[in-house]
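Take 19 as the starting number for the sequence shown in the working numbering and just add one per residue.
Beta carbons are placed, not taken as given, at the ideal position from N, Cα and C, and that holds for glycine.
All values reported here derive from a predicted model rather than from experimental measurement.
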Amino acid sequence: MDACVFCRIVAGELPASVVYEDEAIMAFKDQHPEAPVHLLVVPKKHFASLAHVEAEDAALMGHLMLKLPELAVLQGMAQGFKTRINTGRAGGQEVAHLHVHLTGRPSLK
Ligand code: 5GP
Ligand code: ZN
């Protein structure tokens with residue numbers, strides 16, 4: 019069994035509130051949200067961290083980055099949003115599967 023919790027969510031083995039999915043990435047709600055909107059956006063391919071991404075993964079990472087503002091708009095955050103990637107123990111990374119925190123609050127309009 020795969021020990022990586024986000025690989026298990028991607029595989030449908032663990033429940034998550036999935037808000038977006040395509041062939042390469044998935045976005046789901048953080049289980050302990052620190053903002054009204056708090057998504058985790060992950061590549062389906064396992065990378066232990068951003069420091070483990072190679073040049074051959076540039077297209078995948080570009081796809082993920084371009085999807086962030088689209089997801090923000092879908093979450094009502096057309097006025098702005100925050101993104102964060104924690105990398106490594108000293109960087110505060112707790113789950114060893116690359117993920118982008120997408121946080122903010124929906125605007126009233
Ligand atoms: P990190 O500190 O690694 O950047 O952030 C890990 C994030 O993953 C935390 O915000 C934590 O709440 C979230 N998280 C950890 N395990 C799970 C899980 O099983 N499901 C969901 N939805 N979020 C998780
Ligand atoms: Zn993984």
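With 16 as the cutoff for other CB atoms within 10 Å, does residue i come out buried or exposed?
{"i": "V5", "result": "In the structure as shown, the chain starts at 19 and stops at 127, and residue 5 therefore has no counterpart that could be examined."}
{"i": "G110", "result": "exposed"}
{"i": "G128", "result": "Residue 128 is absent from the structure shown; the chain starts at 19 and stops at 127."}
{"i": "L126", "result": "exposed"}
{"i": "G122", "result": "buried"}
Give the secondary structure of residue i by DSSP, where H, G and I count as helix, E and B as strand, and everything else as coil.
{"i": "P61", "result": "strand"}
{"i": "H81", "result": "helix"}
{"i": "R102", "result": "strand"}
{"i": "A96", "result": "coil"}
Looking at the secondary structure, which residues open and close the alpha helix (DSSP H) in which residue i lies?
{"i": "V23", "result": "V23 to V28"}
To which residues of the same chain is residue i closer than 8 Å at the C-beta, ignoring the five residues directly before and after it?
{"i": "H115", "result": "C22, V23, F24, C25, V60, H64, F65 and A66"}
{"i": "L58", "result": "F24, A45, F46, K47, D48, H117, V118, H119 and L120"}
{"i": "A29", "result": "D20"}
{"i": "V37", "result": "A45, F46, K47, L57, L89, L92 and Q93"}
Identify, in the order they occur along the chain, each residue of the same chain with its Cβ nearer than 7 Å to the Cβ of residue i, setting aside the five sequence neighbours on each side.
{"i": "P124", "result": "P54, V55, Q93, G94 and M95"}
{"i": "I103", "result": "L68 and V118"}
{"i": "G106", "result": "S67 and A69"}
{"i": "L86", "result": "V59, T101, V118 and L120"}
{"i": "P51", "result": "none"}
{"i": "S35", "result": "F46 and K47"}
Just to confirm the assignment, what range does the beta strand (DSSP E) spanning residue i have?
{"i": "G109", "result": "Looking at the DSSP string, G109 is not in any beta strand (DSSP E), and its letter there is neither H nor E."}
Does the distance from the C-beta atom of residue i to that of residue j stay below 8 Å?
{"i": "I43", "j": "L82", "result": "yes"}
With a threshold of 6 Å on Cβ separation, who are the neighbours of residue i within its own chain once the five nearest residues in sequence on each side are excluded?
{"i": "A90", "result": "F99"}
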